[in-house]
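In our numbering, the protein residues as written are 122 to 378.
Pasting the structure below:
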């Protein structure tokens, strides 16, 4: 059974792409077949895995717009068991192009259907906005992981996203749920960090992952080397945290298999 997970938070700078890359790599490291979809026009997920846009023609834009199949746009990464469909600059205009498109909310879901059997997990790195690309990701997904930094304004962003998820559940995808809220760039030295964590755990309870991802230099450095943290510095606190999160993801999604 394939699990499709969207990584979403319309607030930028919360570690969304870093989380998608590193959870994907960690799942691959524990022998799961993983496909990462870079649905953000900035293309940082591809860059973080060592891909330069000028070096390949494969992209998620052509898949969404129906110009080519998902299978024809998959690239292998340096991480065993992990593939990617990268982004491209044309994706920035997709929001406008989708306005008058037929079945605009279902483009990604329908495009992924033929390749589901080849993967255990399909991870979608959403853009930091609640437009049609994010709607497509949520309609295609079984669940959402919400990365958030322990700051006051992050709480407001989560509330907006939860509202969007409810709309998607009602209109297009009743099975959609929140798999977990993940606290990223966690720094125990600041009192506000603990205050926000307490608030989030009070509101979301067990939905919040037990593991928190600490602010870590090695995690920050890894994308510039085109590697997930796990393959850049396996023993770093950030890499080990993401490995523990991936284990939590498996425990939450594969129970009863």
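Glycine residues also receive a C-beta, built at the ideal position from the N, C-alpha and C atoms. None of these values were measured; they are calculated from a predicted model.
Quickly, what does DSSP pair residue i with across the bridge? List them, please.
i: residue 128; result: 246, 266
i: residue 335; result: 307
i: residue 204; result: 156, 197
i: residue 329; result: 302
Mind reading off the beta-carbon distance from residue i to residue j? Whole number of angstroms is fine, and I expect it under 8 Å.
i: residue 269; j: residue 217; result: About 29 Å separates the two Cβ atoms, so there is no contact after all.
i: residue 241; j: residue 128; result: Rounded, the Cβ-Cβ distance is 17 Å, inconsistent with contact.
i: residue 131; j: residue 251; result: 5 Å
i: residue 271; j: residue 314; result: 4 Å
i: residue 140; j: residue 237; result: The pair is not a contact, with the Cβ atoms about 23 Å apart (cut-off 8 Å).
i: residue 166; j: residue 142; result: 6 Å
i: residue 334; j: residue 359; result: 6 Å
i: residue 256; j: residue 215; result: About 12 Å separates the two Cβ atoms, so there is no contact after all.
i: residue 350; j: residue 363; result: 6 Å
i: residue 329; j: residue 276; result: Contact flag wrong, Cβ pair sits at about 12 Å.
i: residue 66; j: residue 126; result: Since the first residue shown for the chain is 122 and the last is 378, residue 66 is missing from the structure and cannot be characterised.
Applying the criterion that 16 or more other CB atoms from any shown protein chain within 10 Å of the CB defines a buried residue, is residue i buried or exposed?
i: residue 210; result: exposed
i: residue 178; result: exposed
i: residue 253; result: buried
i: residue 182; result: buried
i: residue 354; result: buried
i: residue 207; result: buried
i: residue 346; result: exposed
i: residue 137; result: buried
i: residue 197; result: exposed
i: residue 307; result: buried
i: residue 169; result: buried
i: residue 311; result: exposed
i: residue 203; result: buried
i: residue 190; result: exposed
i: residue 309; result: exposed
i: residue 173; result: exposed
i: residue 357; result: buried
i: residue 292; result: exposed
i: residue 352; result: buried
Just reading off the beta strand (DSSP E) that residue i is part of, what are its end residues?
i: residue 159; result: 155-159
In terms of residues, what are the limits of the alpha helix (DSSP H) holding residue i?
i: residue 369; result: 358-374
i: residue 253; result: 253-261
i: residue 164; result: From DSSP, residue 164 is part of no alpha helix (DSSP H); its letter is neither H nor E.
i: residue 292; result: 273-292
i: residue 353; result: 350-353
i: residue 140; result: 137-150
i: residue 231; result: 228-233
i: residue 219; result: 215-219
i: residue 185; result: 181-185
Is the beta carbon of residue i within less than 8 Å of some heavy atom of the ligand GDP?
i: residue 333; result: The model on display carries no ligand, and the ligand GDP is accordingly not part of it.
Handout entry: Meets three-Cβ-pair contact criterion under 8 Å: the region 136-155 and the region 280-288
Key = With a cut-off of 8 Å, the region 280-288 and the region 136-155 do not count as touching, because too few Cβ pairs lie within range.
Practice task
Spell out a yes or no on whether the region 365-372 and the region 149-168 are touching, meaning 3 or more CB-CB pairs, one atom from each, closer than 8 Å.
Solution key: yes
Handout entry: Meets three-Cβ-pair contact criterion under 8 Å: the region 294-310 and the region 153-164
Key = Verdict: no, contact absent.
Practice task
Mind the definition here: the region 257-264 touches the region 226-239 only if three or more C-beta pairs lie below 8 Å; say whether that holds.
Solution key: yes
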